[in-house]
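Everything below concerns the one structure shown next.
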Amino acid sequence: MFRYLIPLALFVVLVVFLAVGLRRDPSKIPSALLDKPAPTFRLPQLKDREKTFSAEDMRGKVWMLNVWASWCVACRDEHPLLFKYAASGAVPIYGLNYKDEPADALAWLGELGDPYVLSAVDYDGRVGIDYGVYGAPETYIIDKSGTIRFKHVGPVTQDIWSKEVLPLVQQLNRQ
Amino acid sequence: MNTEMTSSRLLALLLLCLLSSVATAQVQVDDQPSDDPAVEKRLANLSHELRCLQCQNQTLAESPSGIAADLRREIRTQIKAGKSDKEIVAFLTQRYGDFILYRPRVTPMTYLLWFGPFVLLIGGLLLLFRYIKQRRDAIPEQALTAEERRRAEEMLQS
Chain E
-13 MFRYLIPLAL
-3 FVVLVVFLAV
7 GLRRDPSKIP
17 SALLDKPAPT
27 FRLPQLKDRE
37 KTFSAEDMRG
47 KVWMLNVWAS
57 WCVACRDEHP
67 LLFKYAASGA
77 VPIYGLNYKD
87 EPADALAWLG
97 ELGDPYVLSA
107 VDYDGRVGID
117 YGVYGAPETY
127 IIDKSGTIRF
137 KHVGPVTQDI
147 WSKEVLPLVQ
157 QLNRQ
Chain R
185 MNTEMTSSRL
195 LALLLLCLLS
205 SVATAQVQVD
215 DQPSDDPAVE
225 KRLANLSHEL
235 RCLQCQNQTL
245 AESPSGIAAD
255 LRREIRTQIK
265 AGKSDKEIVA
275 FLTQRYGDFI
285 LYRPRVTPMT
295 YLLWFGPFVL
305 LIGGLLLLFR
315 YIKQRRDAIP
325 EQALTAEERR
335 RAEEMLQS
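Encoded structure:
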């Protein structure tokens, strides 16, 4: 009888909902800034605070902005990978030192090495707000016209690098 | 080993974790309430409607996290600069997306969320009415026999 199949059908629907719902990571929030112009800023450079760095300086180049801090545990995991990515020469990596004491940040780079072309100091996290940062590390790929084309919250793993970032960077560089 | 011993060791371990985690810390921004009660009132209203993105089940008003303090300070600054609540919410959603709003906007993406429960309610009511009607049709009304009527009257009188 058909009516006995109704509980089974309901159960299948429930299983599908749970299977999809439970596999999603609730901490992944779609970025509102994707395909929007990268917010402008002018901040002092970490290693030479007389000099400044601005997103405007990077017009005409495809570049990576990596938000990091010495207090950020996941950044420590990501750090050796950034060296690999930088060494590949695929894309220049710039750091945004987020809500960090410059002395701590410099000590951190001294201990672990510095994969960044340079790091800009966002001491009070105001530029972080413009970029929608809510948890370091965060990584952005910005294209030649200054548009954000990729955002990732959390460490950029080898998998994400080779499957998403690298193809995107190559494609953007051809444009 | 008795349980008391285990729990005191556990406590010591937890304390150790706590102490070692304060070695380096985030820069703390000034999150002092403003002198102007009107500013604080608007901040309180706004920040109860906004989600802390780091700890997603807390509002910006409740969260002790660094990013929540930053955003409270930013909202304070904007209130003092004469921005309307609407402008401030627009500023935040531009950067953090609609997810920062505790009360989701009514967009095609959230139709199911907003209207789904009502659709389910109406569907359930329709099914219920159909079922009741079917039942009523299925059971034919029968008049009482003389014997049944007598027993019923007996029961009512006793």
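Chains as they are written, first to last, in our numbering: chain E, -13 to 161; chain R, 185 to 342.
All residues carry an ideal CB built from backbone N, CA and C; glycine is no exception.
Nearest neighbour of VAL77 (chain E) by Cα position, chosen from E:VAL48, E:GLN31, E:GLN144, turns out to be E:VAL48. Taking all protein chains in view, the Cβ of MET293 (chain R) is surrounded by fewer than 16 other Cβ atoms within 10 Å, so the residue is classified as exposed. Uninterrupted beta strand (DSSP E) stretches at least 3 residues long and entirely within the region 62 to 94 of chain E occur at 79 to 84, given in chain order. The DSSP-derived three-state label of SER148 (chain E) is helix. Within 7 Å of the CB of ASP116 (chain E), the CB atoms of chain R belong to ARG279, in sequence order along the chain. Taking CB atoms only, ALA18 (chain E) has a neighbour in chain R less than 8 Å away. In this model, ASP110 (chain E) and CYS58 (chain E) are separated by some 15 Å (Cα to Cα). For the pair LEU19 (chain E) and ARG(-11) (chain E), the Cα-to-Cα distance works out to about 49 Å. Counted as a single uninterrupted DSSP element, the beta strand (DSSP E) harbouring LYS137 (chain E) occupies residues 134 to 139.
If you look at ILE127 (chain E), you'll find it in the beta strand (DSSP E) that goes 124 to 128.
Taking the Cβ atoms as the reference, TYR280 (chain R) lies roughly 11 Å from GLY114 (chain E), outside the contact range of under 8 Å. Shown here, TRP298 (chain R) sits in a helix according to DSSP, grouped into three states. Taking a Cβ-Cβ cut-off of 7 Å, TYR(-10) (chain E) has no neighbours in chain R, whose nearest Cβ is about 17 Å from it.
Look at ARG287 (chain R) here: in three-state DSSP terms it is coil, with no helix or strand label.
Among the bridge pairs identified by DSSP, MET50 (chain E) is matched with E:ILE79, E:ILE127. Contacts with chain R (Cβ-Cβ distance below 8 Å) from the region 51 to 75 of chain E involve ALA55, SER56, TRP57, listed in chain order. The beta carbon of PRO30 (chain E) lies closer than 6 Å to those of THR38, VAL107 in the same chain, with the five residues before and after it left out. Put simply, of R:VAL211, R:ASP219, R:GLU271 the residue whose alpha carbon is nearest the alpha carbon of ALA253 (chain R) is R:VAL211. For the options E:ASP86, E:LYS85, E:HIS65, the alpha carbon positioned closest to that of ILE79 (chain E) is the one of E:HIS65. At a C-beta separation below 9 Å, GLU36 (chain E) has no neighbours in chain R, since its nearest C-beta there lies roughly 21 Å away. For the region 213 to 298 of chain R, not one full-length beta strand (DSSP E) segment reaches 3 residues or more. In this structure, VAL139 (chain E) sits near GLY121 (chain E), with a CB-CB distance shorter than 8 Å. Residue pairing of LEU29 (chain E) in beta bridges, as defined by DSSP: E:PHE39.
The closest CA to that of ASP63 (chain E), considering only E:LEU98, E:ASP90, E:SER131, E:ILE134, is found on E:LEU98. LYS130 (chain E) is a Cβ neighbour of GLY46 (chain E), given a cutoff of 8 Å.
With fewer than 16 other CB atoms across the displayed protein chains lying within 10 angstroms of its CB, THR291 (chain R) is exposed.
Put simply, the CB of ASP86 (chain E) is near chain R, with a gap under 8 Å to one of its CB atoms.
The Cβ atoms of LEU32 (chain E) and ASN52 (chain E) do not sit closer than 8 Å to each other.
For MET44 (chain E), there are no CB contacts under 6 Å within the same chain when 5 residues up- and downstream are skipped. Contact note: GLN318 (chain R) does not reach chain E at a C-beta cutoff of 9 Å; the least C-beta distance is about 12 Å.
It is roughly 20 Å from the alpha-carbon of VAL151 (chain E) to the alpha-carbon of SER105 (chain E). Beta-bridge analysis with DSSP links VAL107 (chain E) to E:ASN83.
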